[in-house]
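Single-structure report; data block below.
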Amino acid sequence: MRDVAVIGIGMTKFGELWNKSLRELFVEAALKAIKDAGVDHIDSMYVGCMTSGLFAQQEHLGALMADYLGQKHVPAYRVESACASGGLAFRLGFIEVASGMSDIVLVGGVEKMHTGADSTACLAAAADAEYESFLGITFPGLYAMIANAYKEKYNIPFDRFRKQLALVAVKNHENGSKNPNAQFPIKITVDTVVNSTLVADPLRLFDCSPVTDGAAAVILCPVELAKKYTDTIIKVAGSGAATSTIALAQRDDITYLDVVAKAAERAYKMAGVTPKDIDFAEVHDCFTIAEICVTEALGFFEPGKGAEAVEAGKTALDGEIPVNTSGGLKAKGHPVGATGVAQICELVEQLRGTAGDRQVKNAKRGLAQNMGGSGASSTVHILEVL
Amino acid sequence: MAVGIVGYGSYVPRYRIKVEEIAKQWGDNAESIKNGLLLYEKTVPGMDEDTITISYMAAKYALQRAGIDPKEIGALYIGSESHPYAVKPSGTVVAEALGITPDVHIADFEFACKAGSEAMFVAYSHVKAGNMKYAMGIGADTSQGAPGDALEYSAAAGGSAFIFGTENIVAEVLYTYSFTTDTPDFWRREHEFYPQHAGRFTGEPAYFRHVLSCARALMDMSGLKAEDFAYAIFHMPNGKFPLRAGKILGFKKEQLEPGWIVPWQGNTYSGSSPTGLSATLDIAKPGDLILMVSFGSGAGSDGFIFKVTERIEEVRDKAPKFWDMLKNNKIYLDYGLYAKFRGKIILRPEL
Amino acid sequence: MLTPRVYKEIPQRYRLEANKCKKCGRVNFPPRLVCPNCGSQEFEDYRLPTTGKILTYTVVRTPPVDFKLQKPIVLAIVELEDGTRIMCQVTDLPPYVENYDEIIKIGAPVELVFRKIFSEGEAGIHVYGYKCRLI
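In the order they appear, the protein sequences are chains D, U and S.
For the first sequence, position 58 matches number 58 in the working numbering, and the numbering has no gaps at all.
Offset between the second sequence (1-based) and the working numbering: plus 386.
Offset between the third sequence (1-based) and the working numbering: plus 737.
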């Protein structure tokens, strides 16, 4: 297996982009990545997208995007794993380069969510259609069930727990306010969160990531070849993916994201590192409770200690393990299929030292965790500066 | 060969609305309705309840009391004037949910408020004829009454199910009789939401003529007098009519009271007299004779004389009892919520 | 048109038909072809019990369009008395509740009931299935 590097990144601004279509978003991000890498061709490409069929009645994204990117005849694959589509696309691109099958691979992720379609219903397709979404449950609802179970299991008084959840959003908006690509680059307070509209008890509007249009793309090539394009070699040190039960009710422990723990275990092993060796992380904070549970499953904190860690500022930009320096899904936005790739873009920015006001000091090794459904699929990638 | 009820069950939705709440909506005097019609409150179906779900719950409780294998039931009939589909049976859903299908005869009946007793009558007749071991008759309704109409004070939701058989009988059927004429006292045309009625014409020539004729025929047939019966149940369009019918026939109020459910449940149409019977079986003793006479506009009455057996003591606690369901876990609605629950508000088409 | 899909799932939605692994005894709802616990492919028919307790719940304030008239809808993960877990709606609640935590407690006993889950618009089919309610 060859060592693989990320040599180019590109993303669109995230937001409510009424004047940009699905294909325009993808092509914009892909062109930026190609330009950033300085490559003159690509050998193959991956498109991470969750549900363009429901949002825009458009499937067959591999061919569509290759065509509009001016890459006719290039093999192109569409990858779907709900909100982990981008992360999984990245893993497949990594595998293709590592295997020696191709040298220069583009991995992009895209989602066009403002199309007039009912986004709650489109996203619900990531749950168990027959035994979850059929009953009227939504994604905020599924994560709200995790939140209530977490509060109960760790016996946290409601008011304290409510504030802990809010602090995740406050922190991510603080970081997001420093990200020019973020959908909501605004600072908020605990009051903003706890006074916002209830969506699914106990989660409120500001506990939820927004509905977002956007795309992100990266260029991968073998480390050996990367030296031709850049002096700062950013290597994909570890890649892990896992699946778990599609339905939340079937999960052994509703509060523990076993899928994340499994994917992380594999990524740590490949990279030969432990959670302590990670300098910063981009994680899947689709809802505030998700970030808490993910940081526990990644091994940053003991189960049941993730909420306290946020309270203690351990995940802040200047904390012991900065989490979601980009603003996370919460502030940066969550164009579902693009998210996993956008996380990689943030890792690269930090590792290159070009993250501006949100730059983590001495960032040498970062982790990106992307998740599908209520914890049915997840990818974990570890990138480091060589 | 003795044929009778081997299992019975009723279901009462949890939601209620009081007469006062309806009266203030339409400028009526609640006291005069309470005193005149002897109606105080009524059951309202939940937004996820209909004749099918009510029938299922009543049938489930009847099966619990009967303690038989559902597969042995050869026929299932549901009488209602609020079948959820104009075309497509209610009974198939209930039979499928109970695990009775596919070796079963299913039919939905409609005959205004006597569709339930009709279902019972046909189920009983099948068993008596030896066509099958067990047959189930159900009467259930989420009754309709037009907003502002007097019917709105009574139109309620609920139902009861009865399994007939020849073994392990809890109440033997001694006599049956039906009295039927063409009397247009109450009707609902196809595609209409609410029934129409002919005011006072629904009294003497309709309700009283049919109920009294049916009861008298049964008493003649059996040679039994009012005082021979432990209890009697007459269809309950309001609180007053059944009491008056009973009085004319020589029954005392105590004989009617256990099954006189309408003041606090309302009129569950096809479920009315069957539920009165179920409530009475909840407290009846072995050897008790019970007279039940239904009434359906249009018009007709089905009558039964039952004799309660020793087995009643064994089965009655195997499922929830009517008065417990009626008295407990009540959730009161205001008129706005009631109107929403009953689909009386004009909505955008996508809702 | 939901009809064919709903038809296929009638045994589960109406009768709670599950299957039980002959090798390890694990109960699967919905029934599975491969036991997720031991990999066995041999099962026996099994009917779920109809009482249990609430493991966790939420109040969905912005449900999908089929459920809009019932909003807010309360959904729970219920652990049935045999340990099997299912998700279902909690029904027969007061229509307006200030604080749901006061009426629904984690661990509260519930019974499964047969209800209409939703209707396919004004003219489509009614879809029935299980829900739970507080005992």
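C-beta: ideal position from N, C-alpha, C; glycine also.
- The three-state secondary structure of U/Met443, taken from DSSP, is helix.
- Look at D/Leu167 here: in three-state DSSP terms it is helix.
- Sequence-distant Cβ neighbours of D/Gly299 in its own chain, meaning closer than 6 Å and more than five residues away, are Pro275.
- Where U/Val679 is concerned, the enclosing beta strand (DSSP E) starts and stops at 675-679.
- Residues of chain D with a Cβ closer than 8 Å to the Cβ of S/Val802 are, in chain order, Asp118, Ala121.
- By a beta-carbon distance limit of 8 Å, D/Val218 does not contact D/Ile382. Their separation comes to about 15 Å.
- Under the Cβ distance rule, U/Asp455 does not count among the residues neighbouring chain S, no pair being separated by less than 8 Å.
- One alpha carbon belongs to D/Gln369, the other to D/Glu282, and they sit about 6 Å apart.
- Counting only runs of 4+ residues, the alpha helix (DSSP H) found wholly inside the segment 401-465 of chain U occupies 405-412, 416-423, 437-452, in chain order.
- If you check the CB distance, U/Tyr593 and U/Leu425 do not come in under 8 Å.
- The three-state reading of DSSP puts S/Arg852 in strand, counting E and B together.
- By the rule that beta-carbons nearer than 8 Å mark a contact, S/Tyr837 does not touch chain U.
- Between D/Met113 and chain S, the shortest Cβ-Cβ separation is not below 8 Å.
- The beta strand (DSSP E) runs of length 3 or more contained entirely in the segment 238-286 of chain D are, from start to end of the chain, 280-282.
- Partner residues in the beta bridge of U/Ile691, as assigned by DSSP, are U/Tyr561, U/Leu677.
- Taking 8 Å as the upper bound on Cβ-Cβ separation, chain U lies near residues Ile747, Tyr751, Arg752 of the segment 741-761 of chain S.
- Within chain U, the residues whose beta carbon sits less than 8 Å from that of S/Thr828 are Gly432, Asp434, listed in sequence order.
- Close CB contacts of D/Asn179 within its chain, under the 7 Å cut and outside five residues either way in sequence, are with Pro185, Ser326, Gly327, Lys332, Arg358 (chain order).
- Taking 8 Å as the CB threshold, U/Glu553 stays off the interface with chain S.
- U/Asp527: member of the beta strand (DSSP E) spanning 520-528, first to last residue.
- Taking 8 Å as the threshold, the shortest C-beta distance from S/Ile810 to chain D falls below it.
- Our two residues, D/Val105 and D/His284, have alpha carbons roughly 24 Å apart in a direct line.
- Listed in chain order, the non-local C-beta contacts of D/Ser209 below 8 Å within the same chain comprise Asp285, Cys286, Phe287, Gly328, Leu329, Lys330, Gly333, His334, local neighbours out to five positions each way being set aside.
- With 16 or more other Cβ atoms inside 10 Å of its own Cβ, D/Val97 counts as buried.
- Fully enclosed alpha helix (DSSP H) runs of no fewer than 4 residues occupy 52-56, 61-68 of the segment 29-68 of chain D, in order along the chain.
- Classified as buried, U/His621 has 16 or more neighbouring CB atoms from the shown chains inside 10 Å of its CB.
- Counting only Cβ-Cβ distances below 8 Å, U/Ile403 has no contacts in chain S at all, with the closest Cβ about 12 Å away.
- Just measuring C-alpha positions, the residue of U/Ile731, U/Ala515, U/Ile676, U/Gly682 sitting nearest U/Trp573 is U/Gly682.
- In the three-state reduction of the DSSP assignment, U/Asp703 falls in the helix class, which pools H, G and I.
- U/Glu700 counts as exposed, since fewer than 16 other beta carbons sit within 10 angstroms of its beta carbon.
- Counting only runs of at least 3 residues, the segment 180-248 of chain D fully encloses the following beta strand (DSSP E) elements, listed from N- to C-terminal order: 198-200, 214-222, 234-243.
- Residue nearest to D/Ala144 within the set D/Glu224, D/Tyr46, D/Asp207 is D/Asp207 (criterion: CA-CA distance).
- The straight-line gap separating the alpha-carbon atoms of U/Phe727 and U/Met433 is approximately 5 Å.
- With three or more CB-CB distances shorter than 8 Å, the segment 495-503 of chain U counts as touching the segment 675-690 of chain U.
- In the DSSP annotation of this structure, U/Arg734 is not part of any beta strand (DSSP E), being labelled neither H nor E.
- About 5 Å separates the Cβ atoms of D/Ser81 and D/Gly372, confirming a contact at the 8 Å cut-off.
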